[in-house]
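Report on the structure given below.
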Amino acid sequence: MRHLRISVFIILFLATGFCSFAQVEFEADTIPVQQPEKEHSPRKATIYSAVLPGLGQIYNKKYWKVPLIYGGFIGFGYAINWNNNYYVLYKQAYSDIVDDDPNTNSFKDLAIEGSWDWDNSSQVSQFTTRLNNAKNSARRYRDLMIIASAAFYALNIIDATVDAHFFNFDIGDDLTFNWTPGPMYCSGKALPGINIQIRF
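When you line the sequence shown up against mature numbering (1 follows the signal peptide of the UniProt record, and there is no 0), it's residues -22 to -1, 1 to 178, in that order.
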């Protein structure tokens, strides 16, 4: 009986020892490998926003900016179309009033009925000047809206690029602001001043 207990003890000891050895070997073989962090590319954000406005903002995960971008483009498109329609209208009326053809009189549709005497040359001249000014103003505002929409397009690209540069920027609690007295150099002379350092 005593031999049986010793045999069982030795068997259990060896089995436990081998199990622990196998466990150590298993853990040594499964060292976790860290995946390299995917780099956020400002170049990609710039290209995406240049190809399709708002796509760079989606790449930067700033989804809330996309409706603002397309709302801006819709607003600029409406303003361009509105001013262009008036420009075409005033241009046609102006060309009708300055030509010698009595059948072309679209300018009369723009005048309040009874307020202008078309046989009075001074009133016709005054109305012609007003039409010319209105035509030039509509063209100027249309061109300004085109320039503004091009600037808005460039701003969309700049915004995506800057956001991409700051995508992995560490915003931690370790912000320090130190100021100490220190010399300032002007024309080779040391003057008293304050040295300010901001670390973030």
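Cβ coordinates follow ideal geometry from the N, Cα and C atoms, glycine included. All values derive from a computational prediction rather than experimental measurement.
(1) For alanine 142, which of helix, strand or coil comes out of DSSP?
(2) So the alpha helix (DSSP H) tryptophan 60 belongs to, where does it begin and stop?
(3) Looking at the unbroken alpha helix (DSSP H) that takes in alanine 28, where does it start and where does it end?
(4) Would glycine 34 and tyrosine 41 be called neighbours here (beta carbons separated by less than 8 angstroms)?
(5) Rounded to the nearest angstrom, how far is the Cβ of threonine 106 from that of isoleucine 75, given a contact under 8 angstroms?
(6) From the DSSP output, in three-state form, read off threonine 82 for me.
(7) Quick check on alanine 89: does DSSP put it in helix, strand or coil?
(8) What is the residue span of the alpha helix (DSSP H) that glycine 34 lies within?
(9) Taking all protein chains shown into account, do 16 or more other C-beta atoms lie within 10 angstroms of the C-beta of valine 2, making it buried, or fewer, making it exposed?
(10) Just the C-alpha distance for residue 188 and leucine 46, rounded to the nearest angstrom, thanks.
(11) Give me whichever residues DSSP pairs with isoleucine 172 in a beta bridge.
So, to answer that:
(1) helix
(2) 43 to 76
(3) 20 to 29
(4) no
(5) 5 angstroms
(6) coil
(7) coil
(8) 33 to 37
(9) Low per-residue confidence applies at valine 2: pLDDT is 46, beneath 50, and the placement is therefore not dependable enough to give any value.
(10) The requested residue 188 does not occur in the structure, where the chain is confined to residues -22 to 178.
(11) Pro159
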